[in-house]
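Inspection log for the structure reproduced underneath, given as structure tokens.
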Amino acid sequence: MIDVGTFLARASSDSQDRLIEADEPLAGLQRRCGGELPGVIAVPALLELVRKCRLFRLKSSQAIQAQDGENQIDAWVEVTPKQGESSGCDIVATSWKSQPMKLENLVEYAERKAAIDRQLAELHARLDPAQNILAVEAQALDLADLAARMAQGAGQPWTDFVTIVGSTQRQPMHWRLLDGATLVIDGSDRRWKAGFVPLGVPEPGSAGFELYFVADQPLIRTQSAILQRPDRSKATMVGRDIAPVLRQPIARIVANAETIRTRLAGPLADEYGRYATDISAAGKHLLALVEDLADLEIVEAENFSTAPDRIDLADVARRAAGILSVRAQEKGIAIEAPQDGAHLPAIGEFRRVLQVLLNLVGNAIRYTPEGSTIWLRLAREEGIARVIVADQGPGLTEEQQKKVFEKFERLGRTGDGGTGLGLYISRRLARAMNGDLTVESAPGEGARFILDIPANQVAVTRP
Amino acid sequence: MSQFGDRTTEEILSDTLIRGDAALASTVPILRHLLENDDQSMFTDEIVARVRGMVRHIARQLLFALAEAAGESDPHAFAEHGFERLTGLLARDSALLGHAHTLALEYQLCERLYARIGLDPVLSPFLRTLFAASGTETSPAAMAVVAAQARFCQQQRRMELPLAELPEALFQSALSALHMPAVDLEQQIVTAAQSQLRAAFDERASRCGLLTRLVASQNQTGTPVLEATQAGVSLFISALAHATGQDRGGIVLAICDRQMTRFALSLRAAGLPAAAIETQFACFHPDAVAPYGFEMVDREQAALILSQSAVEIAD
Chain A
1 MIDVGTFLAR
11 ASSDSQDRLI
21 EADEPLAGLQ
31 RRCGGELPGV
41 IAVPALLELV
51 RKCRLFRLKS
61 SQAIQAQDGE
71 NQIDAWVEVT
81 PKQGESSGCD
91 IVATSWKSQP
101 MKLENLVEYA
111 ERKAAIDRQL
121 AELHARLDPA
131 QNILAVEAQA
141 LDLADLAARM
151 AQGAGQPWTD
161 FVTIVGSTQR
171 QPMHWRLLDG
181 ATLVIDGSDR
191 RWKAGFVPLG
201 VPEPGSAGFE
211 LYFVADQPLI
221 RTQSAILQRP
231 DRSKATMVGR
241 DIAPVLRQPI
251 ARIVANAETI
261 RTRLAGPLAD
271 EYGRYATDIS
281 AAGKHLLALV
291 EDLADLEIVE
301 AENFSTAPDR
311 IDLADVARRA
321 AGILSVRAQE
331 KGIAIEAPQD
341 GAHLPAIGEF
351 RRVLQVLLNL
361 VGNAIRYTPE
371 GSTIWLRLAR
381 EEGIARVIVA
391 DQGPGLTEEQ
401 QKKVFEKFER
411 LGRTGDGGTG
421 LGLYISRRLA
431 RAMNGDLTVE
441 SAPGEGARFI
451 LDIPANQVAV
461 TRP
Chain B
464 MSQFGDRTTE
474 EILSDTLIRG
484 DAALASTVPI
494 LRHLLENDDQ
504 SMFTDEIVAR
514 VRGMVRHIAR
524 QLLFALAEAA
534 GESDPHAFAE
544 HGFERLTGLL
554 ARDSALLGHA
564 HTLALEYQLC
574 ERLYARIGLD
584 PVLSPFLRTL
594 FAASGTETSP
604 AAMAVVAAQA
614 RFCQQQRRME
624 LPLAELPEAL
634 FQSALSALHM
644 PAVDLEQQIV
654 TAAQSQLRAA
664 FDERASRCGL
674 LTRLVASQNQ
684 TGTPVLEATQ
694 AGVSLFISAL
704 AHATGQDRGG
714 IVLAICDRQM
724 TRFALSLRAA
734 GLPAAAIETQ
744 FACFHPDAVA
754 PYGFEMVDRE
764 QAALILSQSA
774 VEIAD
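If you're matching them up, the sequences are chains A and B in order. Take 1 as the starting number for the first sequence in the numbering used here and just add one per residue. Take 464 as the starting number for the second sequence in the numbering used here and just add one per residue.
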């Protein structure tokens with residue numbers, strides 16, 4: 001053991017946590033850990049410490065451990081941020097202890113190997129002492145065929161079912177020779193390794209074996225999904241990467257604002273209550289915007305398509321009305337949905353049609369005066385199933401009607417929770433379903449939004 | 464839209480408090496158990512981790528089924544959503560927790576006996592004789608049990624519990640957890656996922672079902688299935704449960720929790736003579752002696768005492 005005692009090594013890092021200069025033995029450790037000088041700190045524990053100190057402009061000292069492949073190093077390191085906002089740190093290492101890494105004993109090594117094999121294996125089988133198959137189970141899709149054949153061939157040696165690379169010997173050989181062998185398996189493009197866990201005491205293998213197949217790489221699970229939608233990776237940046245990250249903090253803002261608004265934490269002056277209401281409303285608006293942006297990305301993807309479900313447009317309209325009935329009641333608005341007995345068979349993706357109708361009815365509730373009525377009417381034209389959402393709001397001028405389906409078009413409105421994306425998305429959805437979304441209106445006479453989707457001609461019209 | 468949906472802040476806060484109270488109320492009994500029992504093996508980190516792993520695995524399977532029913536292209540991303548909440552919900556199902564716990568304990572017993580006396584959890588001496596006796600034509604029931612036991616060991620190592628392995632009642636209650644409001648889905652999608660899972664469910668094909676079937680086929684007393692060192696841990700547990708009309712989990716607890724009396728009475732009720740009972744004790748607890756007096760009760764008395772205690776627990 002080399003004990004350098006209170007050795008002093010100095011080093012310094014820059015604003016990107018690169019080691020720009022270092023004394024021995026720090027410099028040597030950096031290189032043996034695969035780093036360069038100058039270069040990003042390659043000692044994981046040291047990098048973590050330096051990064052923390054730099055970010056928080058905080059002086060810190062702590063014990064760090066590192067391994068350089070041969071030695072285990074225990075050191076005490078003091079890190080001091082340099083003056084200036086965007087600079088790095090001074091690093092001083094004291095009490096540097098280096099000792100050879102303990103060699104694992106063979107039993108521990110075998111146990112660890114067995115544990116890893118068992119965890120990673122995508123096929124496991126139970127063999128008798130002669131390596132004949134007793135039971136087999138596979139998880140991976142590309143092994144399903146092999147597993148079925150092996151199960152059929154229970155009682156035969158497992159080696160009959162795979163090709164062992166680089167071996168022309170009669171199989172099965174002694175298990176120690178087959179342990180770790182590379183396998184080629186019909187039906188799988190991956191390379192496999194065999195792993196053995198011998199069972200039985202005192203002679204390993206006297207009670208048979210556990211056999212594991214471990215692949216050199218994982219089967220890409222979402223392969224088919226990616227193939228189907230090649231542009232999703234870049235197209236869904238908001239939906240997949242940003243929206244999930246934004247939802248939670250915004251939801252927390254809303255929750256805290258609600259707490260303040262409802263004065264859960266104690267009495268509060270009225271104006272602060274109103275501020276909280278504003279914060280909460282703004283937060284909810286942001287959430288809605290995040291959802292809409294995620295949707296926007298999806299509908300704008302080149303090969304966006306919808307499922308051609310057989311749906312009952314009357315039923316979807318009733319559901320939309322039901323979902324928004326409470327919001328409508330709060331404003332004293334009545335929604336007149338299609339009668340229970342009415343049916344209108346159509347072809348479209350259920351949840352997308354519902355999304356469009358929720359948007360239309362939601363808009364109607366937002367812009368129609370208190371105490372008025374919103375109608376959902378069904379109509380059937382040649383090959384077309386139609387639902388009309390009519391309100392008694394202020395209506396739209398010709399010019400507004402032209403612009404209302406445009407992206408981010410708010411028609412000059414603000415502060416009502418709208419994002420200016422709803423109608424744009426809705427029209428895209430309608431068109432993706434081989435339908436359309438249009439509007440008829442005149443100022444002062446309310447608006448009629450008309451959703452057309454293909455009728456289901458085959459469906460028998462029920463009485 | 465908002466994560467809070469239709470729940471008010473007040474409801475959320477009060478729910479949190481109720482959960483907190485429940486957690487506080489359970490600390491003392493847990494502590495008392497740990498203090499009173501020298502044998503801590505019922506609640507080792509490993510056991511707790513396995514139980515947690517199994518509950519999470521169930522949640523994941525349920526969410527995957529939902530994703531499939533909803534036609535989601537990326538079920539993994541979908542399953543992230545609502546996962547913690549569903550896991551929490553399932554963890555409050557004490558019957559499910561108890562079942563997962565006894566499975567973890569059963570596996571622990573399997574491992575211990577393998578380490579101590581080389582008793583194979585998958586292919587026990589008794590199963591080996593079934594294989595050998597039938598020559599090339601191996602008994603399908605024995606074959607199925609070996610495969611199921613191999614799966615069980617692999618699942619336990621991976622801390623998994625497939626839905627298909629649940630007893631019917633637990634399976635149904637796990638399915639009903641899908642009605643939670645965390646996932647913003649149409650009711651009909653949830654129903655579709657449930658009926659899909661129900662259609663695939665067959666309790667008789669589960670490991671416990673297969674073990675019981677094999678035990679039932681050996682219906683004369685004194686067969687090796689009531690000898691742990693012959694039958695193997697899992698088959699022995701099933702045999703004892705079958706012979707005494709008790710729950711498998713109850714037998715596991717009686718063995719693990721050193722409920723010597725319950726264990727001895729169960730063996731007695733299964734018709735084992737005193738010497739054989741001593742042997743079974745020595746197998747699971749080499750350092751303990753069988754409780755005093757069990758040889759003085761006969762088979763019927765033992766069964767009667769057991770059934771009365773079961774009634775009291777149920778009450």
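We put the CB at the ideal spot given by N, CA and C, even for glycine.
Distance between residue j and residue i (C-alpha atoms, nearest Å)
| i | j | result |
| --- | --- | --- |
| Leu460 of chain B | Gln524 of chain B | Missing from the structure shown is residue 460 of chain B; chain B here goes from 464 to 778 and no further. |
| Thr479 of chain B | Asp74 of chain A | 44 angstroms |
| Cys671 of chain B | Asp583 of chain B | 18 angstroms |
| Thr94 of chain A | Arg10 of chain A | 9 angstroms |
| Ser697 of chain B | Lys97 of chain A | 51 angstroms |
| Glu70 of chain A | Pro100 of chain A | 6 angstroms |
| Val50 of chain A | Asp90 of chain A | 9 angstroms |
| Phe744 of chain B | Gly483 of chain B | 42 angstroms |
| Gln217 of chain A | Ala194 of chain A | 14 angstroms |
| Thr306 of chain A | His285 of chain A | 27 angstroms |
| Leu354 of chain A | Lys402 of chain A | 24 angstroms |
| Met150 of chain A | Ala679 of chain B | 29 angstroms |
| Thr396 of chain A | Glu406 of chain A | Checking the sequence shown, residue 396 of chain A turns out to be Leu, not Thr. Rounded to the nearest angstrom, the two C-alpha atoms are 14 angstroms apart. |
| Glu649 of chain B | His544 of chain B | 15 angstroms |
Backbone secondary structure at residue i - three-state DSSP
| i | result |
| --- | --- |
| Asn132 of chain A | strand |
| Gln30 of chain A | helix |
| Pro198 of chain A | strand |
| Phe785 of chain B | Only positions 464 to 778 of chain B appear in the structure, and residue 785 of chain B is not among them; the question remains open. |
| Lys102 of chain A | coil |
| Gly39 of chain A | strand |
| Gln67 of chain A | strand |
| Arg462 of chain A | Note that Arg462 of chain A scores a pLDDT of 43, beneath 50, so its modelled location is shaky and nothing firm can be said. |
| Tyr790 of chain B | Outside the shown range of chain B, which is 464 to 778, sits residue 790 of chain B, and nothing can be said about it. |
Beta carbon of residue i nearer than 8 angstroms to that of residue j
| i | j | result |
| --- | --- | --- |
| Ile521 of chain B | Ala637 of chain B | yes |
| Arg575 of chain B | Thr550 of chain B | no |
| Gly88 of chain A | Asp14 of chain A | yes |
| Ala733 of chain B | Ala691 of chain B | no |
| Arg386 of chain A | Ile333 of chain A | no |
| Asp391 of chain A | Ala430 of chain A | no |
| Thr419 of chain A | Leu289 of chain A | yes |
| Leu143 of chain A | Glu111 of chain A | no |
| Val214 of chain A | Asp117 of chain A | yes |
| Asp68 of chain A | Leu19 of chain A | no |
| Cys33 of chain A | Ala63 of chain A | no |
| Pro454 of chain A | Ile384 of chain A | yes |
| Leu127 of chain A | Gly208 of chain A | yes |
| Leu287 of chain A | Ile250 of chain A | yes |
| Ala578 of chain B | Arg513 of chain B | no |
| Phe757 of chain B | Ile740 of chain B | yes |
First and last residue of the uninterrupted alpha helix (DSSP H) at residue i
| i | result |
| --- | --- |
| Pro538 of chain B | Pro538 to Glu543 |
| Arg711 of chain B | Arg711 to Cys719 |
| Ile298 of chain A | Asp270 to Glu300 |
| Val184 of chain A | Where Val184 of chain A is concerned, there is no enclosing alpha helix (DSSP H), although the beta strand (DSSP E) it sits in stretches over Thr182 to Val184. |
| Arg366 of chain A | Phe350 to Tyr367 |
| Ala486 of chain B | Thr472 to Glu499 |
| His520 of chain B | Asp508 to Ala532 |
Residue range of the beta strand (DSSP E) that includes residue i
| i | result |
| --- | --- |
| Trp76 of chain A | Asn71 to Pro81 |
| Ile374 of chain A | Thr373 to Glu381 |
| Arg18 of chain A | Arg18 to Ala22 |
Give me the subset of the region 88–122 of chain A whose CB atoms are less than 9 angstroms from a CB atom of chain B, sorted by chain position. Ala115, Arg118, Gln119 and Ala121
inquiry  = So if I threshold CB-CB distances at 9 angstroms, which residues from the region 350–379 of chain A count as touching chain B?
reply    = Phe350, Arg351 and Leu354
task = May I ask you to list, following chain order, the residues of the region 681–712 of chain B that have a beta carbon less than 8 angstroms from some beta carbon of chain A?
result = none
Output needed in chain order: residues of the region 494–516 of chain B with a Cβ under 9 angstroms from some Cβ in chain A.
none
Beta carbons nearer than 7 angstroms to chain A: which residues of the region 550–561 of chain B have them?
none
Could you list the residues in the region 572–597 of chain B with a C-beta less than 7 angstroms from some C-beta on chain A, going in chain order?
Gly581, Asp583, Val585 and Leu586
**Item:** Contacting positions in the region 135–149 of chain A - beta carbon closer than 7 angstroms to chain B
**Value:** Ala135 and Glu137
**Item:** Selection of the region 199–213 of chain A by Cβ proximity to chain B, strictly under 7 angstroms
**Value:** Leu199, Gly200, Val201, Ala207 and Gly208
Note to self: So if I threshold CB-CB distances at 9 angstroms, which residues from the region 169–187 of chain A count as touching chain B?
What the structure shows: none
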